[in-house]
Amino acid sequence: MALRLPCAVATLARALAERTPEVYLVGGAVRDLALGREPRDFDLASDLPPEAVADLARRHGWTAVTVGERFGTVAVLLPGATVEVTTFRTEGRYEDARRPAEVRYVADVRADLARRDFTINAMALRYPDGLWVDPYRGRADLRRRLVRTVGEPGRRFAEDGLRLLRAVRLAAELGFRLEEQTALALAVHAERLHEIAAERVAPEIERLLLAPGSGAASGLALLFHSGLASVVLPELVPMIGLPPDGEYHRVPLLEHTLEVVALSPPRPAVRWAALFHDAGKPYVRELDPVGRAHFFGHDALGAEIVRLAARRLKLPAPLADRVARLVRRHMFAFDMGPRGMRRLLAELGPDGLEDLLDLKLADMVGTGGAHVASAYDAFLAFRARLRDELARTTALRVPDLAVDGHDVMRILGTPPGPAVGAALAALLERVLENPELNDRERLLSILRTEGKGLVGRGPASPHGAPPGGG
Ligand code: ATP
Ligand code: MG
595 MALRLPCAVA
605 TLARALAERT
615 PEVYLVGGAV
625 RDLALGREPR
635 DFDLASDLPP
645 EAVADLARRH
655 GWTAVTVGER
665 FGTVAVLLPG
675 ATVEVTTFRT
685 EGRYEDARRP
695 AEVRYVADVR
705 ADLARRDFTI
715 NAMALRYPDG
725 LWVDPYRGRA
735 DLRRRLVRTV
745 GEPGRRFAED
755 GLRLLRAVRL
765 AAELGFRLEE
775 QTALALAVHA
785 ERLHEIAAER
795 VAPEIERLLL
805 APGSGAASGL
815 ALLFHSGLAS
825 VVLPELVPMI
835 GLPPDGEYHR
845 VPLLEHTLEV
855 VALSPPRPAV
865 RWAALFHDAG
875 KPYVRELDPV
885 GRAHFFGHDA
895 LGAEIVRLAA
905 RRLKLPAPLA
915 DRVARLVRRH
925 MFAFDMGPRG
935 MRRLLAELGP
945 DGLEDLLDLK
955 LADMVGTGGA
965 HVASAYDAFL
975 AFRARLRDEL
985 ARTTALRVPD
995 LAVDGHDVMR
1005 ILGTPPGPAV
1015 GAALAALLER
1025 VLENPELNDR
1035 ERLLSILRTE
1045 GKGLVGRGPA
1055 SPHGAPPGGG
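Our numbering puts the first residue of the sequence shown at 595, with every later residue one more than the last.
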C-alpha cells in the first residue's frame, strides 16, 4: 500500500526518490503510524550522503541545516514542517556510554536499523510503495505491547546509557511493558546513566512525567524499582520504603507521590511539583509519644530539594522557580484570610495559582481516607474565595502599582539603583496589606510622608523579584 505522508514530508520524499530508490520513513513515525497514533515528527533516511541531501534541499529552495556532521543528519526546513533526513549508517565500537568511536555510512537500510535502540523504533517504510522493512519483528512487539532492545540489551545499554531512560519513557508513553530480558538489563546497567549529560536526561524525565493515563505512575514506579531513580533522581530515593503515616496517608509515601502525579493535570510545572511535593518528608520525619509521624517543615525543605535537583538536571530557571514555589506552598490551609491570599497570589501569579490548586486537589484525593469528602467542600469554598480575591486585587507585582520608578526617584531624590526597587517593593507590600492604597495620589503621599524611611521597615519582602518572575 502506498505510503501516505503529510504534504510537506511527501514533497521532500519525492525529491529524494528522484535521486535514489532507497528512501524510507524511519523511527518513531513508523511506530506511531502502525499504532494508529499521530506521529510527533517524521524522520526520513536514505543512502544519499548528507552533502547531497543538503544540496538537493537548497536547489528546491528549502533551508538545510546539518545536525552534527559526523552523524549525517540534515534537517530540512520545509514550509510547515522540519524533517530530518539521515544517511544510512552503522556505529562502530563505543568508547564510552555516549558516543560511538566511529560512524560509517552504508548502502543498506537494514544496517541502519541495527543501530537503533528498540525493535519498535527499528522499522522502516519505503517511499513511495510503503514496503515494510522490519528485521527485528517490531510489528510483533507492537502487538504484544513490548519494549525490547535491538540485540542484546546489556550491550545496547552499555553503549548508550540514555537508552535505559528511553526504554522506561517509551513504555510509559505507549502503555507498554518492558520485555523481560530488557527489564533485567535495566536494573543491572542502571549505573550507565551516570555518564549521560543532564541536558539529555531531563527531557526524558519530563516526558515520562507527562505520559498519559497510568503511564506516568507506572513509569516512575519502574524508575524507582529498577534503580534508575538512584542515578537521575537521587534526592527522592529516601522516599522508597517510607511507611504510611497513619493519620492522613493510608499508603506508603512513594505510592502516594505516584498517585498525586497521576491525578494532577499533565502540565510540566504541576507534574514536577507533584513528584517533589513530599520529598522533604523522609528527612524531617519524627514520631511523637503515641507513635504518630510528623513532618514539620517538609514543605520548605521540599522546595530546597527541588532547587538542588533542578540545578543538577539543568532545568530552565523559571520552571525550577515555579516548581519550588508550588512545593513550598502546597501545605497552605483553607482558612487563609484575604491578606494571606493576596500574598499567595503575589508569590505565585495567576498561572501558579491554578497550578497550586490542581496540586492541592491531587494531593487531597491521592491521600484518600474518610476525610476527603469534607476536605473537598473546604477546597471548593477556598478556591472560590481565592478566585474572587484575584478578581478584586489591584496589584500583585511591582509593575501593577499606580506609581513607578520615576516617581520614586523624583520624590525621594535618589538616582537609579537598588534603592528604587526596594521602595517599590515596600509599596507593593503595603498594597498587598490594603489593596485600596493602589491609587496614584495615595502612593505618592506615602512616598512624600515616609520618604526613605519606607525602606528598611516591615518584613523583608519576597516581592522584589523582577517583573515577570511570579
Ligand atoms: P518521538 O519522536 O516520539 O520522541 P522517536 O522514536 O522518533 O520518538 P527520536 O528521539 O525522534 O524518537 O529518535 C528517532 C529514532 O532514532 C528512534 O526511533 C530510534 O530509532 C533512534 N534513536 C534515537 N535515540 C537513540 C539512541 N539513544 N540509541 C539508538 N537509537 C536511537
Ligand atoms: Mg522522532
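Virtual Cβ for every residue (Gly too), placed ideally from N, Cα, C.
Computed from a prediction, not measured in an experiment: that's the story for all the values here.
DSSP places S968 in the helix class (H, G or I) of the three-state scheme. If you draw a straight line from the Cα of G835 to the Cα of V992, it is about 45 angstroms long. Comparing alpha-carbon positions, the option among S858, D952, P747 and M935 lying closest to Q775 turns out to be P747.
Within 7 angstroms of the C-beta of R760 there is at least one heavy atom belonging to the ligand ATP. Counting C-beta atoms within 10 angstroms of its own C-beta, L881 has fewer than 16 neighbours from the protein chains shown and is therefore classed as exposed. The beta carbons of V855 and A810 sit closer together than 8 angstroms. When G821, D839, E753 and F818 are compared, the shortest CA-CA separation from G686 is found for E753. For T680, the uninterrupted beta strand (DSSP E) segment begins and ends at A675 to T681. In this structure the stretch 925-939 touches the stretch 978-988; the number of beta carbon pairs closer than 8 angstroms is three or more.
Going by C-alpha positions, I790 is about 24 angstroms away from D635.
Listed in chain order, the non-local C-beta contacts of L955 below 7 angstroms within the same chain comprise F973, local neighbours out to five positions each way being set aside. Counting only beta-carbon distances shorter than 6 angstroms to the non-hydrogen atoms of the ligand MG, the qualifying residues in chain order are G621, G622, R634, D635 and D637. Residues of the same chain with a CB within less than 6 angstroms of the CB of D839, apart from the 5 flanking positions on each side, are A887 in chain order. In the three-state reduction of the DSSP assignment, P932 falls in the helix class, which pools H, G and I. Here L881 carries a strand assignment [DSSP, helix/strand/coil].
With contacts defined as CB atoms closer than 8 angstroms, D723 and A596 qualify as a contacting pair. Cβ-Cβ distances below 7 angstroms link V1049 to A1013, A1016, A1017 and A1020 in the same chain, with the five nearest sequence neighbours on each side left out; the list follows chain order.
Between the ligand ATP and D702, a heavy atom-to-CB distance of less than 7 angstroms is absent. Secondary-structure assignment with DSSP links L638 through a beta bridge to L619 and V679.
DSSP places R720 in the uninterrupted beta strand (DSSP E) bounded by A718 to R720. Of the candidates P615, A611, P633 and M925, the residue whose Cα lies closest to the Cα of G621 is P633. Beta-bridge analysis with DSSP links L736 to no other residue.
Per DSSP, V697 is one residue of the beta strand (DSSP E) stretching across V697 to Y699.
Rounded to the nearest whole angstrom, the C-alpha separation of V741 and V762 is 9 angstroms.
Under the three-state reduction of DSSP, V668 is assigned to strand. Residue E800 holds the alpha-carbon nearest to the alpha-carbon of W866 among S812, P837, E800 and E853. The Cβ neighbour count for R653, taken over all protein chains shown within 10 Å, is under 16; the residue is labelled exposed. In the three-state reduction of the DSSP assignment, L974 falls in the helix class.
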